[in-house]
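First to last, the sequence lines map onto chains S, H and B. Residue numbering for the first sequence follows this note's numbering, starting at 24 and increasing by one per position. Residue numbering for the second sequence follows this note's numbering, starting at 5 and increasing by one per position. Residue numbering for the third sequence follows this note's numbering, starting at 250 and increasing by one per position. Everything on this sheet refers to the single structure shown next.
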Amino acid sequence: MRTVCIVGVGMSQWGEVWKQSLRDIHTDAALKAIKNSGVDHIDSMYVGCMSGGMFVGQEHLASLLTDYMGMRGLPATRVESACASGGLAVRSAYIEVASGISDIVMASGVEKMTDVDGDEATYALAAAADQEFEVFHGATFPGLYAMMAHVHIAKYGTTREMLSAISVKNHNNGSMNPVAQYPFKVTMDQVANSVMVADPLHILDCSPITDGAAAAILCTEEIAKSLGKPYVKIIGTSVGTDTIQLAQRADLTTIKAATIAANGAFKMAGKTINDIEFCEVHDCFTIAELMVLESIGKYKPGKAGEAILAGETALDGAFPVNTSGGLKSKGHPVGATGVAQVIEVYKQLTGQAEGDRQLKSSPKIGMTQNMGGSGGSSVVHIMEVA
Amino acid sequence: MTMFSSRNWREYPHRYRREASKFTKSGKTYHPKRLVDPETGDTEQTTVILPDEGKIVTYTVIRVAPSQWGDLSPYGLAIVELTDGTKVFGQLTDCDVDKIEIGMEVRLEFRRIQSEGHHGVLSYGHKFVPKWF
Amino acid sequence: MAGIVGYGVHLPRHRIKVEEIAKVWGADAPSYKKGLMLREKSVPPPDMDTITLSVEAARRALKRAVVVDPTEIGAIYVGSESHPYAVKPSGTTIADALGATPDIHCADFEFACKAGSEAMFVAMSHVKAGEMKYALAIAADTSQGAPSDALEFSAAAGAGAFIMGTDNLIAECGMTHSYMTDTPDFWRREHQFYPQHGGRFTGEESYFKHTKGASLALLEKSNMKPSDFAYAVFHQPNGKFPQRVALELGFTQEQIDPGWLAPTLGNTYSGASPIGLAATLDIAKPGDYIFMCSYGSGAGSDSFIWKVTDRINEVRENAVLTRKLLAENLIYIDYGTYAKYRRKIKMND
Numbered sequence: 024m025r026t027v028c029i030v031g032v033g034m035s036q037w038g039e040v041w042k043q044s045l046r047d048i049h050t051d052a053a054l055k056a057i058k059n060s061g062v063d064h065i066d067s068m069y070v071g072c073m074s075g076g077m078f079v080g081q082e083h084l085a086s087l088l089t090d091y092m093g094m095r096g097l098p099a100t101r102v103e104s105a106c107a108s109g110g111l112a113v114r115s116a117y118i119e120v121a122s123g124i125s126d127i128v129m130a131s132g133v134e135k136m137t138d139v140d141g142d143e144a145t146y147a148l149a150a151a152a153d154q155e156f157e158v159f160h161g162a163t164f165p166g167l168y169a170m171m172a173h174v175h176i177a178k179y180g181t182t183r184e185m186l187s188a189i190s191v192k193n194h195n196n197g198s199m200n201p202v203a204q205y206p207f208k209v210t211m212d213q214v215a216n217s218v219m220v221a222d223p224l225h226i227l228d229c230s231p232i233t234d235g236a237a238a239a240i241l242c243t244e245e246i247a248k249s250l251g252k253p254y255v256k257i258i259g260t261s262v263g264t265d266t267i268q269l270a271q272r273a274d275l276t277t278i279k280a281a282t283i284a285a286n287g288a289f290k291m292a293g294k295t296i297n298d299i300e301f302c303e304v305h306d307c308f309t310i311a312e313l314m315v316l317e318s319i320g321k322y323k324p325g326k327a328g329e330a331i332l333a334g335e336t337a338l339d340g341a342f343p344v345n346t347s348g349g350l351k352s353k354g355h356p357v358g359a360t361g362v363a364q365v366i367e368v369y370k371q372l373t374g375q376a377e378g379d380r381q382l383k384s385s386p387k388i389g390m391t392q393n394m395g396g397s398g399g400s401s402v403v404h405i406m407e408v409a
Numbered sequence: 005m006t007m008f009s010s011r012n013w014r015e016y017p018h019r020y021r022r023e024a025s026k027f028t029k030s031g032k033t034y035h036p037k038r039l040v041d042p043e044t045g046d047t048e049q050t051t052v053i054l055p056d057e058g059k060i061v062t063y064t065v066i067r068v069a070p071s072q073w074g075d076l077s078p079y080g081l082a083i084v085e086l087t088d089g090t091k092v093f094g095q096l097t098d099c100d101v102d103k104i105e106i107g108m109e110v111r112l113e114f115r116r117i118q119s120e121g122h123h124g125v126l127s128y129g130h131k132f133v134p135k136w137f
Numbered sequence: 250m251a252g253i254v255g256y257g258v259h260l261p262r263h264r265i266k267v268e269e270i271a272k273v274w275g276a277d278a279p280s281y282k283k284g285l286m287l288r289e290k291s292v293p294p295p296d297m298d299t300i301t302l303s304v305e306a307a308r309r310a311l312k313r314a315v316v317v318d319p320t321e322i323g324a325i326y327v328g329s330e331s332h333p334y335a336v337k338p339s340g341t342t343i344a345d346a347l348g349a350t351p352d353i354h355c356a357d358f359e360f361a362c363k364a365g366s367e368a369m370f371v372a373m374s375h376v377k378a379g380e381m382k383y384a385l386a387i388a389a390d391t392s393q394g395a396p397s398d399a400l401e402f403s404a405a406a407g408a409g410a411f412i413m414g415t416d417n418l419i420a421e422c423g424m425t426h427s428y429m430t431d432t433p434d435f436w437r438r439e440h441q442f443y444p445q446h447g448g449r450f451t452g453e454e455s456y457f458k459h460t461k462g463a464s465l466a467l468l469e470k471s472n473m474k475p476s477d478f479a480y481a482v483f484h485q486p487n488g489k490f491p492q493r494v495a496l497e498l499g500f501t502q503e504q505i506d507p508g509w510l511a512p513t514l515g516n517t518y519s520g521a522s523p524i525g526l527a528a529t530l531d532i533a534k535p536g537d538y539i540f541m542c543s544y545g546s547g548a549g550s551d552s553f554i555w556k557v558t559d560r561i562n563e564v565r566e567n568a569v570l571t572r573k574l575l576a577e578n579l580i581y582i583d584y585g586t587y588a589k590y591r592r593k594i595k596m597n598d
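Below you can see the structure in the form of structure tokens.
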């Protein structure tokens, strides 16, 4: 396999983007990424999108989007794994470059979620759960994670403060991210007193509904070197799956798909969790960040909460998590999230993170963990600065 | 959000009668029925009817409900371990949502689960109710 | 001899008090409570309907029947004026849920509040004729009363289910009589949400005439008198009517008490006298005779004589008793919740 590098990235504005369509925000991110990388062409594209069909009534996205990028005829593929679609697009692009089929491949992600009302958005997102045996009974995504949270609380004594601290931290980080949807800070009291959505999760435990696109250019190391810009190498990529039905999981306090994906990526990279200096994880809900940190082996089961309260995962902590603001503050356009996570790690490793959120430690190795649904799939990437 | 009647009809054995697969080798039971035991790969199975009582393994209370469920909001959702050890997902009903807790004993009761507006099909299945007799 | 092999009841847990309805419409609660002898009524939540009540009641009937395999049930008849579908049988869903399909005959009956006893009558006729081993009769309703109408104080929900057969009986049916005329005391036209009624015309020429007609004819036919019966059950559109007709026919308050549920249940329409019968079977002793008479607007009555057998004591506790469902674990709701549950609020849809 050939070494695969990331040489340029681009993001559209994230948030409620009323004036632009799905095709516009994707074109914006894609062209920014190409320009940022300095490549004069791309050989193919993988675009992650969870539900163009239900959000804007549009499928067949790979062809539509390449057309609007001004690249009719480009080999292009849409990939889907619910909220992990973006991560899977990066992995697909990686495989195409590593295998030698193409030299320069774009991995992008897009979701346009605000063209439907809250009901329809909830319905579209809920399609990532088991339609016939969870959604049928009234399941919503906050509800599914809330059910995991209750088991975690019962088993480990996880507290409201631990969950609130995750929201406070991520909003603090996001306040320094120019593309973040909600770049404001929140306090522990604000989180704890915000509206209850699905016990024990409050609205400020939940990531928002977001329009957004993100794109990254992956290429061979030879090309990356020739461009004369800072780049990172993807040294580990893996995907894990699990039953999407919560009732069929043996242990609801851990995300098995994340464990499988992380272990696969560590093995490929020849690294352990101790070699990872910072991480972007899939905090669609605060409890998800806590459980993922345990599932990828960073903390022992039931121990992540204390570490979070002690500030270990803060920007100046020993293991910064979600320096971008995470899904919580930056926003969560489901198909784009996985790509944006990779972009944040690229920026941190190459010293390009905006404002004060650039890590002072000059990290060399970072990791992303992207998750589909209630943990039915997870994609992990490990990146190292060149 | 149309639920075609055939899609619902196909699930009647699971929803109306709680039919499940019991695999010969592992002795494990799965609801809904499936062709392959996910743990052993075994395909030899018998159909069993799940018990109608169990205990809550975990739960939540949906307080911001999709409009389809608005007339029941707030409502509880739970994973229940039935007396045979099989775990099933469902809604709690006839229940004070502030008194739901892990370990609570429930009974399965036949209820209307969804109705497609005023014109479409009605979907039935089981919900959990607090066990009081 | 044909009769009942197993019986079961299901009731909603939700209740609304007469005072709660009265205060919304400026009505005088004490006079309603006294005049109709009603204190509260059952209310079905949105996830409960005639089909779901029927399934639960029928499952309890199967538990009491013990010997009946659902596939041995040859017919299922569901009497209700509130079938969830205008076109599509309730009985098919119930039969499928019970595991009684596909070799089974099925029909939904409608005759205002008499549809349930009709189902019992027809089911029993089949087993008596030897056409099938068992037949299931269900009496269920989730009836609507128009807002502010007197019916709103009584229209309630509940279901009773009876498996009829000729062996393993818990109650033998001695004799029946049916009595009917065309009397327009209460009706609901196609596509209308609420029923209409003839006010005081629902009394003398309607309820009392037909209930007495069917009762007196059966007493005469059977050569029995009220004092021969341990218990009596009448259709109960409110608390007062069944009490009055019972006393006028020569029955006593003690005889009707076990099955006199309306004061705290309301009028369960098709379910009323069948559920009253179930509540009476809950406390009856072997050898007891039970008199039963239904009434349905439009109008007619079916009367039955039941004789309880020794087997009642073996199976009674196999399922929850009616009075327990009536009185325990209740959820009292306000008028707003009631209006939401009964879809009386105009929604944007």
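Every residue gets a Cβ at the ideal spot worked out from N, C-alpha and C, and that includes glycine. Predicted model, so just to flag it, every value in this text is computed and none were measured.
Under 8 angstroms, do residue i and residue j count as touching if we go by C-beta distance?
| i | j | result |
| --- | --- | --- |
| Met14 (chain S) | Ala147 (chain S) | Any property of residue 14 (chain S) remains undetermined from this structure, which presents chain S solely from 24 to 409. |
| Thr233 (chain S) | Gly38 (chain S) | yes |
| Ile405 (chain S) | Ala280 (chain S) | no |
| Val133 (chain S) | Pro356 (chain S) | yes |
| Ala361 (chain B) | Gly545 (chain B) | yes |
| Lys135 (chain H) | Ala270 (chain S) | no |
| Phe540 (chain B) | Ala481 (chain B) | yes |
| Met416 (chain S) | Ala99 (chain S) | No information on residue 416 (chain S) is available, as it lies outside the stretch 24 to 409 that chain S covers here. |
| Ala239 (chain S) | Ile29 (chain S) | yes |
| Gly235 (chain S) | Ser60 (chain S) | no |
| Gly166 (chain S) | Thr51 (chain H) | no |
| Ser401 (chain S) | Ala151 (chain S) | no |
| Ile257 (chain S) | Val27 (chain S) | yes |
| Val258 (chain B) | Gly409 (chain B) | yes |
At 7 angstroms on the CB atoms, spell out the chain B contacts of residue i, in chain order.
| i | result |
| --- | --- |
| Phe114 (chain H) | Thr301, Val304, Glu305, Ala346 |
Name the chain H residues whose beta carbon is nearer than 8 angstroms to that of residue i?
| i | result |
| --- | --- |
| Lys589 (chain B) | Asp75 |
So which residues on chain S does residue i lean against when the C-beta distance must stay under 7 angstroms?
| i | result |
| --- | --- |
| Pro55 (chain H) | Within 7 angstroms Cβ-Cβ: nothing; Pro55 (chain H) doesn't reach chain S, min ~15 angstroms. |
| Arg40 (chain H) | According to the sequence shown, residue 40 (chain H) is Val rather than Arg. Correct list: empty, because the minimum Cβ distance to chain S is about 13 angstroms. |
Quick one: list the residues of chain H neighbouring residue i, beta-carbon separation under 7 angstroms, in chain order.
| i | result |
| --- | --- |
| Thr182 (chain S) | The premise fails here: Thr182 (chain S) is roughly 17 angstroms from chain H at the closest Cβ pair, so nothing lies under 7 angstroms. |
| Arg262 (chain B) | Asp98 |
| Val220 (chain S) | Arg67, Val68 |
Can you pull the chain H residues whose beta carbon is under 9 angstroms from the beta carbon of residue i, in chain order?
| i | result |
| --- | --- |
| Leu275 (chain S) | Val61, Thr62, Ile83 |
Under the criterion of a Cβ to heavy atom distance below 7 angstroms, does residue i qualify as lining the ligand ADP?
| i | result |
| --- | --- |
| His83 (chain S) | This structure does not include the ligand ADP; it has no bound ligands of any sort. |
Are the C-beta of residue i and some C-beta of chain C separated by less than 8 angstroms?
| i | result |
| --- | --- |
| Thr145 (chain S) | The structure shown contains no chain C; the protein chains it does contain are S, H and B. |
Could you tell me which chain S residues have their CB closer than 9 angstroms to the CB of residue i, listed as they occur along the chain?
| i | result |
| --- | --- |
| Glu15 (chain H) | Glu155, Phe156, Phe159 |
Residues of the segment 79-107 of chain H in Cβ contact with chain S at a cutoff of 7 angstroms, in chain order, please. Of all residues in the segment 79-107 of chain H, Tyr79, Leu81, Ile83, Lys91, Val92, Phe93, Gly94, Gln95, Ile106 have a Cβ within less than 7 angstroms of some Cβ in chain S.
Looking at chain H, which residues of the segment 555-569 of chain B have a Cβ within less than 7 angstroms of any of its Cβ atoms? Correct list: Val569.
Under 7 angstroms, CB to CB, which of the residues in the segment 344-374 of chain B have a partner in chain H? Answer set for the segment 344-374 of chain B: Asp345, Ala346, Gly348.
Spell out a yes or no on whether the segment 83-101 of chain H and the segment 379-386 of chain S are touching, meaning 3 or more CB-CB pairs, one atom from each, closer than 8 angstroms. The segment 83-101 of chain H makes no contact with the segment 379-386 of chain S, as fewer than three CB pairs between them are under 8 angstroms.
Curious, which full-length alpha helix (DSSP H) runs of at least 4 residues does the segment 281-363 of chain S contain? The qualifying runs are 309-318, 327-332, 349-353.
At a CB distance below 7 angstroms, what residues from the segment 152-165 of chain S approach chain H? Give them in sequence order. Within the segment 152-165 of chain S, the qualifying residues are Glu155, Phe156, Glu157, Phe159, His160, Gly161, Ala162, Thr163.
The segment 107-124 of chain H in contact with the segment 54-64 of chain H per 3-pair CB rule at 8 angstroms: Judged by pairs of C-beta atoms under 8 angstroms, the segment 107-124 of chain H touches the segment 54-64 of chain H, as three or more such pairs exist.
Counting Cβ pairs, one atom from each stretch, are 3 or more of them under 8 angstroms apart for the segment 380-388 of chain B and the segment 428-442 of chain B? The count of Cβ pairs closer than 8 angstroms, one atom from the segment 380-388 of chain B and one from the segment 428-442 of chain B, stays below three, leaving the stretches out of contact.
Three-pair Cβ contact test at 8 angstroms for the segment 488-495 of chain B versus the segment 276-295 of chain B: Cβ pair count under 8 angstroms is three or more, so yes.
With a cut-off of 8 angstroms, do at least 3 Cβ pairs link the segment 306-319 of chain B to the segment 115-131 of chain H? No: the two stretches stay apart, fewer than three of their Cβ pairs being nearer than 8 angstroms.
Ranges of the beta strand (DSSP E) found wholly within the segment 143-207 of chain S, counting only runs of at least 3: As summarised for the segment 143-207 of chain S, there are no continuous beta strand (DSSP E) elements at least 3 residues long confined to that stretch.
Selection of the segment 259-275 of chain S by Cβ proximity to chain H, strictly under 8 angstroms: For the segment 259-275 of chain S, residues whose beta-carbon sits nearer than 8 angstroms to a beta-carbon of chain H comprise Thr266, Gln268, Leu269, Ala270, Gln271, Leu275.
Segments assigned beta strand (DSSP E), at least 3 residues, entirely inside the segment 423-497 of chain B: Runs of the beta strand (DSSP E) inside the segment 423-497 of chain B: 480-483.
Cβ-based contacts, 7 angstroms cut-off: residues of the segment 499-528 of chain B near chain H: Correct list: empty, as no residue qualifies.
How about the segment 423-432 of chain B and the segment 294-309 of chain B: do they share at least three Cβ pairs that are nearer than 8 angstroms? Too few Cβ pairs lie closer than 8 angstroms, so no.
Short of 9 angstroms Cβ to Cβ, which residues in the segment 45-66 of chain S face chain H? Listed by position along the chain: nothing, the set is empty.
Determine, using beta-carbon pairs with one atom in the segment 203-216 of chain S and one in the segment 283-298 of chain S, whether at least three such pairs fall under 8 angstroms. Contact between the segment 203-216 of chain S and the segment 283-298 of chain S is absent: fewer than three C-beta pairs spanning the two stretches fall below 8 angstroms.
For a minimum of 3 consecutive residues, which ranges assigned as the beta strand (DSSP E) are wholly contained in the segment 365-409 of chain S? Counting only runs of 3 or more, we get 388-395, 400-408.
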